[in-house]
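Below is one structure, written out as structure tokens; comments come after it.
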Amino acid sequence: MTENTPTAELSAVGVSIWLDDLSRERIASGGLQELIDGRNVVGVTTNPTIFASALAKGEAYDAQVAELAAAGKTVTEAVFEITTDDVANASDIFRGIYDSTAGKDGRVSIEVEPGFAHDAASTIAQAKQLWAKVDRPNAMIKIPATVEGLEAITEVIGAGISVNVTLIFSLERHRDVINAYLSGLEKAKAAGHDLSTIHSVASFFVSRVDTEIDKRLEAIGTPEAVALKSQAGVANARLAYQVFEQAFASERALGLLAAGANRQRPLWASTGVKDPNLSDTLYVTELAVADVVNTMPQKTLDATFDHGVIEGDRVTGFYAEANEVLDKLDAVGVSYSEVTELLEKEGVEKFIVSWNELLDTVAAALESAQTGKPETESDRSGSDHTVSTEA
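The sequence shown begins at 1 in full-length UniProt numbering and counts up one residue at a time.
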């Protein structure tokens, strides 16, 4: 690992840096290993948008697509094979980190189909299928933190499978997610699973909160409202860390930890800064604290490595200030519950759009392989729209 760099300093604070991107080209070229060696990256997260983008670029998947087409695989079957292969291969690259950190890091996440976000039974079934197919102990199955997802989280953790809970926006839902995790650990313990092998992160989204709330503050337009811009995302995440601290200090959690369980670490997701007037490392430097993950798109990772200023713990001493920000938002007329409910709904919808683009891209590739007719650029892209790969 590189020393005396901002990413090394961030790691020293206790932040695990995970890359929010994955592609076969990145794996095969050695680019992923370079980030491990030079940027202190210790894990990877994926989502349907990331895979849709990867499949739409270059020719790295052409050989496998041809094999799948020859085997008569359906589009859904082909997507399953392609994405799990990438995750398995990336998991192998990270295996040394997984071993050296006792499973804390070296993780590669893969998400259940977003269309199952409100279907607990289908989520549970596919989570088990993905876990078995990837067949790597350092894989992590991503499940959205919808109401139905909570049931799935408990059951999947109870089966001894590590879970990355995604799309968390509110403090209340974060508490629900921790409860689902603890319930899963209790099931796993009763079933005789080794609790020390089960890990989980709770992906708390940051920049999307600022984007939605800042839009509302601008619409209100008063000096008091405008003065609150770009503060909500960091404040919300800081309070999520307080929820984490409190929850894992409970008698229930301490009993499970004593039995070998791990704490469900907060993961800062959506950390790419959208507002050009803000520091491009804002959601990294201002959320530095021990025992968290920060999953960064390449652009944010590079910015942090180049000029991030790491000032140690910027979370635990700021709870009162963070609460004050949320109180002021309420006072000027911004509904916290309305915003977070909307963001969860939109988050699921955006991933479904990306999933459909992924299916379209693979369908076009399979057809091209079967007919010998070259794909057009629009076929390969699957859509005329460019979608951010950020979680």
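Yeah, the Cβ is synthetic: ideal placement off N, Cα and C, and Gly gets one too. Everything numeric in this text was worked out from a predicted model, so none of it was measured.
Check, Outcome
"Check each candidate in S200, R238, V44 and name the one with the smallest Cα separation from P297.", "V44"
"Using a threshold of 8 angstroms, state whether the C-beta atoms of residue 400 and V65 are closer than that.", "Lying before the first or after the last residue shown, residue 400 is absent from the chain, which here runs from 1 to 391."
"To which residues does DSSP link N294 through a beta bridge?", "I17, W268"
"Leaving out the 5 sequence neighbours to the left and right, which residues in its chain are closer than 7 angstroms to I168 when beta-carbon positions are compared?", "A145, H174, V177, A202, S203, F204, F205"
"Which of the three DSSP states is assigned to E338 in this structure?", "helix"
"What separation, rounded to the nearest whole angstrom, lies between the Cα atoms of T281 and A54?", "25 angstroms"
"Identify which residue in S29, R39, A28 has its Cα closest to the Cα of T304.", "R39"
"Rank G58, A52, E344 by C-alpha distance to the C-alpha of R208 and give the top, closest one.", "E344"
"Please determine, among S368, Y241, Y181, the residue with the shortest C-alpha to C-alpha distance to D313.", "Y241"
"What first and last residue would you give for the alpha helix (DSSP H) that runs through I143?", "Segment 139 to 144 is the beta strand (DSSP E) holding I143; no alpha helix (DSSP H) there."
"Should V112 go down as buried or exposed, given a rule of 16 or more other Cβ atoms within 10 Å for buried?", "buried"
"With H, G and I counted as helix, E and B as strand and the rest as coil, what does DSSP make of R175?", "helix"
"Between L228, S335, G160, which has its C-alpha nearest E321's C-alpha?", "L228"
"Mind checking which residues open and close the beta strand (DSSP E) that includes A63?", "Premise fails: A63 lies in the alpha helix (DSSP H), 62 to 70, not in any beta strand (DSSP E)."
"I need the straight-line Cα distance from E349 to N356, nearest angstrom please.", "11 angstroms"
"Between which two residues does the alpha helix (DSSP H) holding T76 run?", "75 to 93"
"Run the CB neighbour count on L215, radius 10 Å, all protein chains shown included, and call it buried at 16 or more, exposed below.", "A small correction: the amino acid at residue 215 is Lys; Leu does not occupy that position in the sequence shown. Its Cβ having fewer than 16 others within 10 Å, K215 is exposed."
"Report buried or exposed for L19, applying the criterion of at least 16 other Cβ atoms within 10 angstroms of its Cβ.", "buried"
"Out of E367, L32, G333, E324, which has the shortest C-alpha to C-alpha gap to V87?", "L32"
"By alpha-carbon positions, which one of V243, T7, V362 ends up nearest to S16?", "T7"
"Would you identify the three-state DSSP class for T45, choosing helix, strand or coil?", "coil"
"Anyone know if the C-beta pair for I124 and E155 falls short of 8 angstroms?", "yes"
"Can you pull the DSSP bridge partners for R263?", "Bridge partners of R263: none, in fact."
"Rounded to whole angstroms, what is the Cα-Cα separation between G58 and S230?", "37 angstroms"
"Hey, L358 and A52: beta-carbon distance below 8 angstroms or not?", "yes"
"Going along the chain, which residues of its own chain have a beta-carbon closer than 7 angstroms to the beta-carbon of A225, five neighbours each way excluded?", "L217, V332"
"Flag this pair as yes or no: are the beta carbons of V134 and I153 separated by less than 8 angstroms?", "no"
"In three-state DSSP terms, what is R136?", "coil"
"Between which two residues does the beta strand (DSSP E) harbouring L167 extend?", "163 to 168"
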